[in-house]
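Heads up: the structure comes next, in structure tokens.
2 protein chains.
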Amino acid sequence: MELTKTPLLTDLYQLTMLQTYYERGMTDQAVFEFFVRDVPGRTYYVAAGLEQALEWLEGLSFTDEERQWVRDCGFFTGEFADRLADFRFSGDVEAVPEGTAFFPGEPMIRVTAPLPEAQLVESRLMNIVHFQTLIATKAARCVIAADGRAIVDFGMRRAHGAEAGLLAARACYAAGFNATATCLANARFGVPVTGTMAHSFILAHDDEVEAFESFARSHPDNVILLIDTYDTEAAARHVVDLAPQLSEKGIAIKAVRLDSGDLAEHARRVRQILDDGGLSETTILASGGLDEFSISELLRSGAPIDGFGVGSKVDTSADAPFMDSAYKLHAYAGKPRYKRSEGKADVPAAKQIHRHYDGNRMAFDRMTRADEDDNGEPLLKPVMRDGRRLSAPESLEDIRRRTAASLGALPDSVKDLRSPRDYTVELSEGLRQLMGDD
Amino acid sequence: MELTKTPLLTDLYQLTMLQTYYERGMTDQAVFEFFVRDVPGRTYYVAAGLEQALEWLEGLSFTDEERQWVRDCGFFTGEFADRLADFRFSGDVEAVPEGTAFFPGEPMIRVTAPLPEAQLVESRLMNIVHFQTLIATKAARCVIAADGRAIVDFGMRRAHGAEAGLLAARACYAAGFNATATCLANARFGVPVTGTMAHSFILAHDDEVEAFESFARSHPDNVILLIDTYDTEAAARHVVDLAPQLSEKGIAIKAVRLDSGDLAEHARRVRQILDDGGLSETTILASGGLDEFSISELLRSGAPIDGFGVGSKVDTSADAPFMDSAYKLHAYAGKPRYKRSEGKADVPAAKQIHRHYDGNRMAFDRMTRADEDDNGEPLLKPVMRDGRRLSAPESLEDIRRRTAASLGALPDSVKDLRSPRDYTVELSEGLRQLMGDD
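Rendered as structure tokens:
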């Protein structure tokens with residue numbers, strides 16, 4: 018049972034519902050939509066994770082061992098376990114391409130498939146796209162705050178498990194980060210990888226200068242020195258003292274990293290020390306509990322910081338660690354369906370999002386029935402037919418460019434960190450009729 | 018490169034430091050400790066994830082493909098890539114057993130190994146134990162709040178990726194939950210699995226009663242009906258009307274589930290309707306955005322709720338989605354080492370935690386040097402020697418019992434949800450000398 022592929026990474030109720038659907042012959046076409054409701058602290062989302070979702074859908078099947086579990090777990094008939102031998106996802110998928118900004122209530126993914134298939138995929142499909150969209154959104158906010166400075170993901174160690182560590186790096190890069198520290202994200206996805214040293218490296222040496230020198234000789238092309246282990250300004254002076262010896266060997270000190278204390282104040286003092294010591298080319302990187310708010314604050318204060326390393330707060334989207342997302346049945350057997358539970362009502366029927374622009378800027382979106390005409394740009398595109406992807410995976414570079422374009426077109430008022438405004442999403446005449454009719 | 022096993026799921030700097038250590042012959046024994054600093058909103062932590070950490074350490078090695086990446090990525094020498102062919106973790110590990118409550122600053126895991134080995138394992142070791150400890154701690158708070166009622170994990174869909182979904186279920190069960198909805202946690206770890214139905218199941222049928230009946234016939238031993246899709250009280254009356262027909266077929270309605278609106282008020286009305294309809298044996302389950310605070314509030318209000326389903330807020334530990342945890346070098350080549358960065362200073366040297374009791378209740382802990390005498394109960398136990406586990410994996414049932422005992426012994430004032438007090442952790446004479454000496 019391979020962790021990222023197994024259909025048993027699902028909620029039991031998906032399987033119990035499935036058995037009933039098979040028994041009652043409820044196998045007509047169903048339309049489910051994945052969307053995100055209002056999330057406090059967010060006015061836009063950046064779509065991500067589609068690639069992993071499609072890969073998973075395309076490979077979905079039950080191994081003998083998995084069917085044995087179904088047979089033995091006590092909830093199902095042997096007939097049902099047998100039937101799962103043929104289970105495949107044979108449906109159609111429309112989706113908002115990765116890197117596109119979208120808004121509360123808008124469907125990011127629409128699945129059209131026989132009811133049992135469309136239902137079974139719910140839990141893991143959400144698990145995949147919810148997480149990457151969560152992180153790409155958080156990362157995009159940091160990219161905007163960093164305002165052109167380099168920004169790197171260091172968060173794997175406190176991401177929630179292995180897949181979160183890996184895919185957070187992918188989502189951050191898709192959102193516009195420059196690199197990650199996570200090697201596997203380079204090996205798997207080609208995300209540029211970078212790194213410095215840990216405090217333990219400094220501590221393992223008998224003194225700081227020896228540690229700096231030892232690192233520089235071992236990695237002459239990549240000399241980034243961590244200078245806050247003992248006394249930050251003293252360390253900056255050690256760096257200045259060391260530079261001429263290294264320079265003789267053709268080694269340049271690319272950067273220093275600050276990881277604690279008052280980062281703005283340290284950056285100013287360290288910049289002065291480096292400049293006075295002739296190291297004006299050596300850049301200053303800052304890390305340590307950073308997010309879009311602290312990055313923005315540091316830059317507003319004029320701190321001479323050239324790049325940021327962010328970790329836990331981004332890889333866990335700490336101020337909003339989950340989104341109120343849903344995957345809801347919106348049509349079955351040709352009829353619109355929707356839930357009216359209190360506080361959770363949603364918009365029925367298969368839908369399309371049409372984006373309207375004012376010059377280069379996004380002006381508003383209009384949600385319509387999927388079959389309704391509109392003169393905006395339709396955002397949901399066909400990506401899977403009969404369970405097969407319609408095209409090769411997009412490159413991360415393409416996704417990254419799309420994110421940049423999408424964030425660039427987003428009105429400043431919607432992007433504002435401190436008092437953002439909501440973006441306008443209209444409901445079409447066709448949808449309003451449908452809701453009023455009910 | 019298997020996601021959960023590959024040594025490339027690490028930060029680049031671990032490898033850059035490693036190359037330097039090899040080049041400089043820095044391969045003496047190092048002692049690293051994993052601990053958690055103060056986390057707002059938490060006064061205790063519940064240790065979890067050790068089993069997965071030890072399994073990973075025991076299997077750690079580089080495949081040819083992984084070494085090829087090291088060779089090709091541009092940061093390392095060919096010599097270094099070759100040398101990794103022999104890389105194994107050959108160290109010793111002492112750890113606080115899973116299910117044990119521990120406190121800020123106390124080492125949960127101590128690794129003693131040649132410096133390169135002890136260093137390389139940092140990122141993934143933290144990734145594993147940080148997450149499960151985070152979730153077990155959150156889940157333990159919910160178990161205490163539920164005060165004996167059943168509590169089940171439904172959170173996989175919004176957990177952060179595949180491994181988080183799976184291991185959150187393990188951590189919740191270890192902390193005292195009754196079950197999970199995640200099938201794979203049953204298949205892998207034997208966690209009891211349970212489930213009901215989604216709103217889509219109700220919506221796919223033409224009416225609610227038909228949906229209830231259809232489910233009951235298909236799953237006669239497990240009839241738990243979701244009653245908030247349209248009108249909760251009307252649905253409860255449908256349940257009452259349906260009960261006699263099902264009863265004739267020997268089918269009992271075990272429970273109903275509420276998932277929206279004012280759960281306390283709905284529970285009261287539904288209880289009345291069920292009791293008046295002769296269904297006093299049918300229990301009421303509640304779900305929908307619950308955590309320890311809302312569970313405690315519901316029970317304080319006297320809501321007749323028999324069990325809780327919790328999801329996103331627990332599986333992401335939403336009010337504290339990461340812990341300020343660290344894995345720090347505390348000794349190298351026989352000398353204590355520690356970092357003095359501002360606001361992050363820690364306690365040097367290999368340590369032990371000694372727990373002192375007052376009757377059955379925990380009174381205080383004392384941290385000592387590992388070689389110092391103390392008359393308390395030592396919490397860190399040897400679990401790995403020379404890279405091999407000292408015993409077979411503990412059963413989850415044993416861990417669960419340990420959690421119950423540990424939470425039972427924790428002073429009420431420390432467990433209090435609203436105004437908890439800190440537990441006392443003393444530093445021994447030996448440690449104070451060491452810190453003062455520096």
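Residue numbers (this note's numbering), protein chains in the order written: chain A, 18 to 455; chain B, 18 to 455. Where is the CB? At the ideal position from N, CA and C, for every residue including glycine. Quantities reported herein were computed from a predicted structural model and do not represent experimental measurements.
Task: the region 132-139 of chain A in contact with the region 25-37 of chain A per 3-pair CB rule at 8 Å - done: yes
Task: Reduced DSSP secondary structure (H/G/I, E/B, other) of residue 52 of chain B - done: Here the question's residue 52 of chain B lines up with position 35 in the second sequence. Residue state, collapsed to three classes: strand.
TODO: Quick one: residues in its chain with C-beta nearer than 8 Å to the C-beta of residue 45 of chain B, no 5 flanking neighbours on either side, listed in chain order?
DONE: Position 28 of the second sequence, counting from 1, holds the residue named residue 45 of chain B. Closer than 8 Å at Cβ, skipping near neighbours: 131, 132, 349, 350 and 351.
Open item on the list: Just checking: is the beta-carbon of residue 266 of chain B within a distance shorter than 8 Å of some beta-carbon in chain A?
Closed with: By one-based count along the second sequence, residue 266 of chain B stands at place 249. At a cut-off of 8 Å between beta carbons, residue 266 of chain B makes no contact with chain A.
TODO: Output yes or no for whether 8 Å exceeds the beta carbon distance between residue 201 of chain B and residue 25 of chain A.
DONE: As a position in the second sequence, residue 201 of chain B is number 184, starting the count at 1. As a position in the first sequence, residue 25 of chain A is number 8, starting the count at 1. Contact: yes.
Open item on the list: I'd like to know if residue 150 of chain A contacts chain B, where contact means its C-beta is closer than 8 Å to some C-beta of that chain.
Closed with: Locating residue 150 of chain A in the first sequence gives position 133, where the first residue counts as 1. The Cβ of residue 150 of chain A sits no closer than 8 Å to any Cβ of chain B.
Open item on the list: My output table needs one value for residue 246 of chain B: the three-state DSSP class, helix, strand or coil.
Closed with: The residue given as residue 246 of chain B occupies position 229 in the second sequence. Coil at residue 246 of chain B, not helix or strand.
Task: residue 452 of chain B - DSSP class collapsed to helix/strand/coil - done: Residue 452 of chain B sits at position 435 when you count from the first residue of the second sequence. Reduced to three states, the DSSP call for residue 452 of chain B is helix.
Task: Boundaries of the alpha helix (DSSP H) in which residue 160 of chain B is found, first to last residue - done: Taking the first residue of the second sequence as 1, we reach residue 160 of chain B at position 143. Segment 139-163, the alpha helix (DSSP H) holding residue 160 of chain B.
Open item on the list: Can you list, in chain order, the residues of its chain with a C-beta nearer than 7 Å to that of residue 159 of chain B? Leave out the 5 residues immediately preceding and following it.
Closed with: By one-based count along the second sequence, residue 159 of chain B stands at place 142. Cβ neighbours of residue 159 of chain B beyond the five flanking positions: 168, 308, 309, 312, 327 and 331.
TODO: Identify each residue in the region 394-423 of chain B for which the Cβ-Cβ distance to at least one residue of chain A is less than 8 Å, and report them in chain order.
DONE: Answer in chain order: no residues at all.
Open item on the list: My parser needs the alpha helix (DSSP H) runs of 4 or more residues fully inside the region 172-257 of chain B; what are they?
Closed with: 179-191, 200-206, 216-221 and 225-235
- [ ] Take residue 142 of chain B and list the residues in its own chain whose beta-carbon comes closer than 8 Å to its own, dropping the five residues that flank it on each side.
- [x] In the second sequence, counting from the first residue as 1, residue 142 of chain B sits at position 125. Answer for residue 142 of chain B: 51, 70, 73, 74, 126, 128 and 344, listed in chain order.
Task: Straight-line Cα distance separating residue 365 of chain B from residue 446 of chain B - done: Numbered from its first residue, the second sequence carries residue 446 of chain B at position 429. Numbered from its first residue, the second sequence carries residue 365 of chain B at position 348. Approximately 13 Å, taken between the alpha carbons.
Task: Where residue 491 of chain A sits in the DSSP three-state scheme - done: Outside the shown range of chain A (18 to 455) lies residue 491 of chain A, about which nothing can therefore be said.
TODO: With DSSP as the reference, label residue 60 of chain B as helix, strand or coil.
DONE: What you label residue 60 of chain B is simply residue 43 of the second sequence in a count that begins at 1. The answer is coil: DSSP assigns residue 60 of chain B none of H, G, I, E or B.
Task: Close-in-space but distant-in-sequence residues of the same chain around residue 372 of chain A (CB under 7 Å, 5 per side omitted) - done: Against the first sequence, residue 372 of chain A aligns to sequence position 355. These residues qualify, in order along the chain: 379, 382, 393, 394 and 396.
TODO: Determine the chain B residues that contact residue 40 of chain A at a beta-carbon separation under 9 Å, and present them in chain order.
DONE: Counted from its first residue, the first sequence places residue 40 of chain A at position 23. In chain order: 231, 234 and 235.
Task: Contact set for residue 65 of chain A: own chain, Cβ-Cβ below 6 Å, skip 5 residues either direction - done: For the purposes of this step, residue 65 of chain A is identified with residue 48 of the first sequence, where counting begins at 1. Here the set comprises 115, 149, 150, 153, 188 and 191.
TODO: Take the Cβ of residue 412 of chain A as the centre, count every other Cβ of all protein chains shown within 10 Å, and call the residue buried at 16 or more, exposed below.
DONE: Counting from 1 along the first sequence, the entry for residue 412 of chain A is found at position 395. When all chains shown are included, residue 412 of chain A counts as exposed.
Open item on the list: So that I know if they touch, is there some Cβ in chain B lying closer than 8 Å to that of residue 28 of chain A?
Closed with: On the first sequence, position 11 is the one that residue 28 of chain A refers to. So yes, residue 28 of chain A belongs to the interface.
- [ ] Flag residue 452 of chain B as yes if its beta-carbon sits less than 8 Å from any beta-carbon of chain A, otherwise no.
- [x] On the second sequence, position 435 is the one that residue 452 of chain B refers to. Not one chain A Cβ lies under 8 Å of residue 452 of chain B.
Open item on the list: In whole angstroms, give me the CA-to-CA distance for residue 256 of chain A and residue 346 of chain B.
Closed with: Translated into the one-based positions of the first sequence, residue 256 of chain A becomes position 239. Translated into the one-based positions of the second sequence, residue 346 of chain B becomes position 329. Going by the C-alpha atoms only, they are around 23 Å apart.
TODO: For residue 14 of chain A, collect the residues of the same chain with a Cβ closer than 6 Å to its Cβ; drop the 5 residues on either side in sequence, then sort them by chain order.
DONE: Absent from the model: residue 14 of chain A. The displayed extent of chain A is 18 to 455, so no value can be given.
TODO: Look at the Cβ atom of residue 165 of chain A, then the Cβ atom of residue 417 of chain A, and state whether they are nearer than 8 Å.
DONE: Translated into positions along the first sequence, residue 165 of chain A becomes position 148. Translated into positions along the first sequence, residue 417 of chain A becomes position 400. No, the pair does not count as a contact, with Cβ atoms beyond the cut-off.
Task: Residue-chain proximity (residue 262 of chain A, chain B), Cβ-Cβ < 8 Å - done: Position 245 of the first sequence, counting from 1, holds the residue named residue 262 of chain A. Answer no: the Cβ-Cβ gap between residue 262 of chain A and chain B never drops below 8 Å.
Task: Reference residue 61 of chain A, options A:100, A:170, A:86 and A:119, closest by Cα - done: The count along the first sequence starts at 1 and reaches residue 61 of chain A at position 44. Considering only alpha carbons, the answer is A:119.
Open item on the list: Is it the case that the region 239-253 of chain B contacts the region 276-283 of chain B, given that we only count it when at least three CB pairs across the two stretches are under 8 Å?
Closed with: yes
TODO: Mind checking the region 46-57 of chain A against chain B and listing, in chain order, the residues whose C-beta falls within less than 8 Å of any C-beta there?
DONE: So the list reads 47 and 49, given in the order they occur along the chain.
Task: Burial state of residue 388 of chain A, where buried means 16 or more other Cβ atoms lie within 10 Å - done: The count along the first sequence starts at 1 and reaches residue 388 of chain A at position 371. Classification for residue 388 of chain A: exposed.
- [ ] With distances taken Cα to Cα, identify the nearest neighbour of residue 157 of chain A among A:49, A:59 and A:234.
- [x] Counting from one through the first sequence, the residue named residue 157 of chain A turns up at place 140. Nearest C-alpha to residue 157 of chain A: A:59.
TODO: Given a cut-off of 8 Å, decide if residue 84 of chain A and residue 39 of chain A are closer than it, judged by their beta-carbon atoms.
DONE: Residue 39 of chain A sits at position 22 when you count from the first residue of the first sequence. Residue 84 of chain A sits at position 67 when you count from the first residue of the first sequence. Taking 8 Å as the cut-off, the beta carbon of residue 39 of chain A is found no closer than this to the beta carbon of residue 84 of chain A.
TODO: Tell me, please, whether the CB atom of residue 285 of chain B is closer than 8 Å to any CB atom in chain A?
DONE: In the second sequence, residue 285 of chain B corresponds to position 268, counting from 1. It does not: the Cβ of residue 285 of chain B has no partner Cβ on chain A nearer than 8 Å.
Task: First and last residue of the uninterrupted beta strand (DSSP E) at residue 380 of chain B - done: Within the second sequence, numbered from 1, the residue matching residue 380 of chain B stands at position 363. Counting along the chain, residue 380 of chain B sits inside the beta strand (DSSP E) bounded by residues 378-386.
- [ ] Name the one or two DSSP bridge partners that residue 275 of chain A has.
- [x] Mapped onto the first sequence, residue 275 of chain A falls at position 258. Answer is A:303.
Open item on the list: If you measure between the beta carbons of residue 368 of chain A and residue 354 of chain A, is that distance less than 8 Å?
Closed with: Locating residue 368 of chain A in the first sequence gives position 351, counting from the first residue. Locating residue 354 of chain A in the first sequence gives position 337, counting from the first residue. Contact flag unset, no.
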